[in-house]
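Notes to accompany the following structure.
Protein chains in written order, with our numbering: chain A, 149 to 669; chain B, 107 to 340.
So, in structure tokens, the structure goes:
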């Protein structure tokens, strides 16, 4: 039975989508309960009419921090440590995901992250043990464990969705982060009245349940169920292959794995497979780093994620400070940025699928995002205008971010030297996203500094410069792709633009090379 | 000597030596019921403010208590005159009538140190007379008018501190006068916990059971449709 999309594809899409959404919902809980948590950690503040509010036990008993400013600083510290441990964890988790069964890594990550969030938010509150060092330690563990999410889900999606449809599917699929944020916000607001600990209980137990389901329901690669993708992108059940001969030691910690030879060989004839054993190892960190495009895209993603994350994070503060918007309204408008990002990522994915090249879509979008940022920075505080411009900016910046972190990472992990080797996807995704997170962490420190010293206009200029640097990093790849595309098309004044056939390729390449070199001279 | 005879002798000696007042202090140590207090014999011959007030307002005077018949069977004690009752402590006598007491006279008593907390709950009190060595509970800001005489100090008209100070309690709480000179911010009904932040109860049990059941059901469903086909190639 040959099929491009099977039921497995559907379930893998849904399961990985929900899995990452739950991760994000659990992460978002912390941001949404910040004000409530800081009330629980501090004594009451005295206003003009009251010296100290009585009774003492009801209003002033807790002294983890003396006032809300100190608590806010600590919450910022927690944010920063989370980002750093998340970035470090991404590098590690990518490698781990490629070496161990991805399903188990993901399930373990989900369940243990849920457990650490439960300890952070519920246990410590229920036993009334308030200690700064315990909080930081638990949150660092959470960061490391949460990092198992992205590399594994992207790798699983990359296994199932081949190069041809990857852009569209992953573009749509990247909505999981935004959906997770919305889900988290909704979950928190529905139970926050009962106490912030119940918000953590709600999201962490959903995450734990999700991990359990992943363990029992996720098929991480098509080969697990005996499907192989042929060159047409179709999945064939490999009946005529003696699968008992395959040594598929996925559960071993052993790095050396013996697998069947590449699909084309099997398809053609019944070769004695034992003679064609290919040793496929999970690639090392350095090998992954040196793959073509990885360093460039990682650096560009660092700059891009800085803008993406900082814009998303500091936007409410900007709107409240500049236009006196209400905090809840300012929070809401970030949704437009997310929406723009999903649409942008999907469209960019579709177009890059059609062009068969990604950088040719990335660079124009990045260039267009600079004026979009400029216009937004100078826009007024009218809600509808702001929301629209927010969506436009999100389309360009968020769209590219989605493309790089998902489809492009999957491409990078399955190219040239390691084509057919599935053991690099998670590592490469981890490297790209890890570098991006480092950029985001730096942005978290830089933006408040720039804002307090130079104002919000300078922050926007800073963003524009950073986007420019992103473009610079991707530019070499862009040039290379332009050249490749150019060599595949001919233009004749009487016929117009034509795709070169494979037969003509050699002749015309020589001619066009000559004309090119003539042009240059 | 026989032990019983010895104890009897000790008792006789003790009784002979103790002045007459001390026998009455035995009474004070016993738990008072309102009837006991009202019908106690105290050395207060002068006509008291309480008697005047009671007669003036057409209320029932019972011993040295003034009672108000609010319902056919219920009698609230709104005033009590404990002058010369040889009290060293006022907690016991008035413990059962705190919320309704308007008038309290306790001068001419060998009172020990009086704390503000002894008057806890006496939020309706409008006339309090103490021995002249004491201060009005809550100080001069808790009472509209304080009159000091040789015989006593009279605290008049308790001030509603919540409204006078214009106290704004934090959100989800309201100002409550608890005693002369004391007020606090208590949680509004329905709110509880530190700083009255919490409201309602999370249905933990139902949630856990629901989550566990749905997780197991979905896992079984997915295992059947997905992972059952996984070939274990070893």
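Ideal Cβ placement from N, Cα and C applies to all residues, glycine included.
Since we're looking at a predicted model, the values are computed, not measured.
Verify the CB distance criterion: does residue i have a CB-CB separation below 9 Å to chain B?
i, result
"residue 354(A)", "yes"
"residue 409(A)", "Reliability fails at residue 409(A), whose pLDDT of 38 lies under 50, so the model's placement of it is uncertain and no value is given."
"residue 210(A)", "yes"
"residue 341(A)", "yes"
"residue 391(A)", "Its pLDDT being 39, under 50, residue 391(A) is placed unreliably by the model, and nothing is read from it."
"residue 254(A)", "no"
"residue 163(A)", "yes"
"residue 492(A)", "no"
"residue 153(A)", "no"
"residue 421(A)", "Its pLDDT being 43, under 50, residue 421(A) is placed unreliably in this model, and the value from its coordinates should be taken loosely. It does not: the Cβ of residue 421(A) has no partner Cβ on chain B nearer than 9 Å."
"residue 366(A)", "yes"
"residue 578(A)", "no"
"residue 361(A)", "yes"
"residue 248(A)", "no"
"residue 372(A)", "yes"
"residue 402(A)", "Low confidence applies here, because residue 402(A) scores a pLDDT of 36, under 50, leaving its location unreliable; read the following figure in that light. No - not a single Cβ of chain B is within 9 Å of the one on residue 402(A)."
"residue 192(A)", "yes"
"residue 452(A)", "no"
"residue 201(A)", "yes"
Output the boundary residues of the beta strand (DSSP E) element that contains residue i.
i, result
"residue 285(B)", "279–285"
"residue 250(B)", "249–254"
"residue 171(B)", "171–175"
"residue 719(A)", "No statement about residue 719(A) is possible, as the shown extent of chain A runs from 149 to 669 and does not include it."
"residue 313(A)", "Run containing residue 313(A): none; DSSP gives neither H nor E here."
"residue 235(B)", "233–236"
"residue 181(B)", "181–187"
How about residue i: is its C-beta nearer than 9 Å to some C-beta of chain A?
i, result
"residue 233(B)", "no"
"residue 335(B)", "yes"
"residue 288(B)", "yes"
"residue 219(B)", "no"
"residue 260(B)", "no"
"residue 328(B)", "yes"
"residue 186(B)", "no"
"residue 276(B)", "yes"
"residue 246(B)", "no"
"residue 280(B)", "no"
"residue 332(B)", "yes"
"residue 211(B)", "no"
Tell me the residue span of the alpha helix (DSSP H) that contains residue i.
i, result
"residue 324(B)", "310–331"
"residue 480(A)", "475–503"
"residue 289(B)", "Looking at the DSSP string, residue 289(B) is not in any alpha helix (DSSP H); the run it does join, the beta strand (DSSP E), is 288–293."
"residue 543(A)", "Note, residue 543(A): premise wrong, no alpha helix (DSSP H); not H, not E."
"residue 456(A)", "442–471"
"residue 281(A)", "280–294"
"residue 219(B)", "That residue, residue 219(B), is in no alpha helix (DSSP H); it is neither H nor E in DSSP."
"residue 176(A)", "155–180"
Are the beta-carbon atoms belonging to residue i and residue j less than 9 Å from one another?
i, j, result
"residue 525(A)", "residue 462(A)", "no"
"residue 259(A)", "residue 349(A)", "no"
"residue 254(A)", "residue 183(A)", "no"
"residue 209(B)", "residue 156(B)", "yes"
"residue 224(B)", "residue 196(B)", "yes"
"residue 625(A)", "residue 444(A)", "yes"
"residue 547(A)", "residue 494(A)", "yes"
"residue 243(B)", "residue 220(B)", "yes"
"residue 295(B)", "residue 207(A)", "no"
"residue 257(A)", "residue 294(A)", "yes"
"residue 582(A)", "residue 156(A)", "no"
"residue 510(A)", "residue 496(A)", "yes"
Nearest to residue i by CA position, among the options, is which residue?
i, options, result
"residue 252(A)", "473(A), 366(A) and 645(A)", "366(A)"
"residue 164(B)", "147(B), 184(B) and 271(B)", "184(B)"
"residue 276(A)", "310(A), 312(A), 212(A) and 329(A)", "212(A)"
"residue 269(B)", "320(B), 201(B), 248(B) and 298(B)", "248(B)"
"residue 438(A)", "553(A), 633(A), 561(A) and 309(A)", "561(A)"
"residue 492(A)", "347(A), 544(A), 521(A) and 644(A)", "544(A)"
Does residue i get closer than 9 Å to chain E when you measure Cβ to Cβ?
i, result
"residue 377(A)", "The question asks about chain E, but that chain is absent: this structure's protein chains are A and B."
(request) Please name the residues in the segment 206–234 of chain A whose beta-carbon is closer than 9 Å to at least one beta-carbon of chain B, in chain order. (result) Listed in chain order, the positions of the segment 206–234 of chain A with a beta carbon within less than 9 Å of a beta carbon of chain B are 206, 207, 209 and 210.
(request) With 7 Å as the C-beta to C-beta threshold (strictly closer), list the residues of the segment 297–322 of chain B near chain A in chain order. (result) When CB distances to chain A are screened at a threshold of 7 Å, the residues of the segment 297–322 of chain B falling below it are 299, 300, 301, 303, 304, 305, 306, 307, 308, 317 and 321, in chain order.
(request) Residues of the segment 155–186 of chain A with a CB closer than 9 Å to any CB of chain B: list them in chain order, please. (result) So the list reads 155, 156, 159, 160, 163 and 184, given in the order they occur along the chain.
(request) With 7 Å as the C-beta to C-beta threshold (strictly closer), list the residues of the segment 151–162 of chain B near chain A in chain order. (result) With the criterion set as a beta carbon lying under 7 Å from some beta carbon of chain A, the segment 151–162 of chain B has no members that meet it.
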